[in-house]
Structure formats: structure tokens, C-alpha cells
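Numbering of the sequence shown is given in this note's numbering, commencing with residue 193 and proceeding in unit increments. Scroll down for the structure; my scribbles are underneath it.
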Amino acid sequence: MIRLNELKLPLTHAPADLDALVQTTLSVAAADVARVRIFKRSVDARKAALMRVYIVDVELARDDLEQLVLLRCAGDPHVSPTPDMDYRLVGVAPLGASSSVGLRPVVVGFGPCGIFAALLLAQMGFKPIVLERGKTVRERTKDTWDFWRKGVLHPESNVQFGEGGAGTFSDGKLWSQIKDPRYLGRKVMQEFVRAGAPEDILVDAHPHIGTFKLVK
193 MIRLNELKLP LTHAPADLDA LVQTTLSVAA ADVARVRIFK RSVDARKAAL
243 MRVYIVDVEL ARDDLEQLVL LRCAGDPHVS PTPDMDYRLV GVAPLGASSS
293 VGLRPVVVGF GPCGIFAALL LAQMGFKPIV LERGKTVRER TKDTWDFWRK
343 GVLHPESNVQ FGEGGAGTFS DGKLWSQIKD PRYLGRKVMQ EFVRAGAPED
393 ILVDAHPHIG TFKLVK
């Protein structure tokens with residue numbers, strides 16, 4: 193596939209305009225384009241005319257045509273092969289690891305790092321044990337609201353720790369992945385989507401789940 197950067201269109205453009213811009217940028221016919229997938233979208237509001245800015249991945253109808261287009265656009269910094277963004281597990285659990293107590297890894301803390309450490313270990317076939325001093329997110333939500341609304345602090349259950357970690361009650365904004373050359377953050381976004389987050393977080397330049405959805 194071919195990645196195109198900095199494709200700009202008016203904020204209220206028609207969906208077909210993006211396909212047309214892709215064809216013009218690559219100098220190919222509509223029949224030559226098999227699929228256009230939006231990788232990232234944002235809004236450029238620096239000027240009076242607001243622009244929608246896209247990064248897209250383009251699949252052409254023929255592999256040989258893709259190579260020809262890449263060769264023809266070799267000097268264009270906004271045209272390149274689509275990078276490999278697939279996440280690959282670093283290993284798999286040895287036989288019996290899911291049932292043997294001695295082979296079960298221990299994850300201390302169930303904040304963001306603990307959640308994804310446990311998730312990846314489980315995906316590798318381990319059966320991790322998670323230790324967390326705080327309460328479940330539902331219980332700590334009540335305790336946290338007690339503090340915010342009534343000034344009542346629960347020393348063992350508050351905004352600082354418990355299921356979800358200290359960021360559970362943030363506004364739900366996510367890391368933008370600007371400095372993420374290995375696309376590790378994309379794996380996190382995909383897991384959020386599998387858990388019920390809106391698919392838009394995969395393409396929005398400033399992804400946002402929302403506090404209440406994050407708690408869910």
C-alpha cells in the first residue's frame with residue numbers, strides 16, 4: 193500500500209472529494225484504486241479557510257502499478273510505502289504456563305500500564321496475577337465523588353489508585369502517537385475499540401474517549 197500525507201480539503205468537503213484528490217496526487221484512474229483507508233485526520237485552523245487534513249493508505253488494483261507509482265513519486269516527501277503497523281507479541285507462554293502457579297507472572301498495579309501488561313501477557317497465553325490495593329472502578333467512582341462533592345477522603349479508595357489508575361477520571365483524551373515510530377500506541381487504541389470505544393479514535397489526530405466511556 194501507499195501512504196499519502198498532507199492531503200488537504202475544505203472542512204465541509206464531499207466524501208468523493210478525497211478519492212478524487214488521491215487519484216490526482218498519484219496520477220492514476222479511479223479504476224486503478226482498490227481502496228482508500230484513512231489513517232489520520234485533523235483540522236488545520238491556522239487560516240480563515242478551515243481545512244481538513246488527511247493521511248491515507250491507498251491500495252492500488254495491481255502490485256506492479258503500486259511499484260511504478262512509488263518509483264515515479266520517489267522525490268515526493270508526502271508519498272511513501274505504508275509502514276508495517278502490525279503489533280507482534282514478543283513471545284508465547286510455555287506449555288502449562290496457564291495452569292502452573294510457578295509460571296504465572298505477577299502484575300503489580302492496575303493502572304494503564306498494569307492493565308495492558310496483564311492483557312498482553314494473557315494474549316501470549318499466560319495467566320497473570322494482578323495485585324491492586326484500590327477498589328474496582330465502580331466502587332472507587334463513588335468514593336472519588338464523595339471527595340469531590342463532600343470533601344470526604346477515603347484513604348484506601350480515591351482518585352489516586354484502584355482499577356484504572358489515577359487517569360481514570362481524566363477527560364478521556366488519549367496520546368496522539370506523534371512520536372511513536374513503532375506504532376505501539378495503535379495497539380492500545382485497537383484494544384480500546386475492541387472494548388467499546390468509538391472507532392474514530394483510530395483516525396482522529398486528537399483522540400478522545402470521554403470520561404464516562406473510559407470508566408465503562
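All C-beta atoms in this analysis are idealised placements derived from N, C-alpha and C, irrespective of residue type, glycine included. All of these numbers come straight from a predicted model, not from anything done at the bench.
Item                                                                                                                       : Value
Between the CA atoms of Lys327 and Pro269 - distance to the nearest angstrom                                               : 50 Å
C-alpha distance - Ala222 paired with Glu198, whole-angstrom precision                                                     : 20 Å
Nearest-angstrom beta carbon gap, Leu257 and Asp224 [assumed within contact, 8 Å]                                          : 6 Å
Under 7 Å between C-beta atoms of Lys298 and Gly306                                                                        : In the sequence as displayed, the identity of residue 298 is Val instead of Lys. Not a contact, by the Cβ cut-off of 7 Å.
Beta-carbon spacing of Val261, Leu218 below 7 Å                                                                            : yes
Whole-angstrom C-beta distance between Phe308 and Glu355, which should lie under 8 Å                                       : Contact doesn't hold; Cβ gap of about 13 Å is too wide.
Whole-angstrom C-beta distance between Val228 and Val214, which should lie under 8 Å                                       : 5 Å
As assigned by DSSP and simplified to three states, the class of Met316                                                    : coil
Assigned exposure category for Pro286 - 16 Cβ within 10 Å defines buried                                                   : exposed
Cut-off 6 Å between Cβ atoms - residues of its own chain near Pro399, not counting five sequence neighbours on either side : Leu366, Ile393
Nearest-angstrom Cα separation, counted from Val271 out to Leu263                                                          : 10 Å
Val395 versus Trp337 - alpha carbon distance                                                                               : 33 Å
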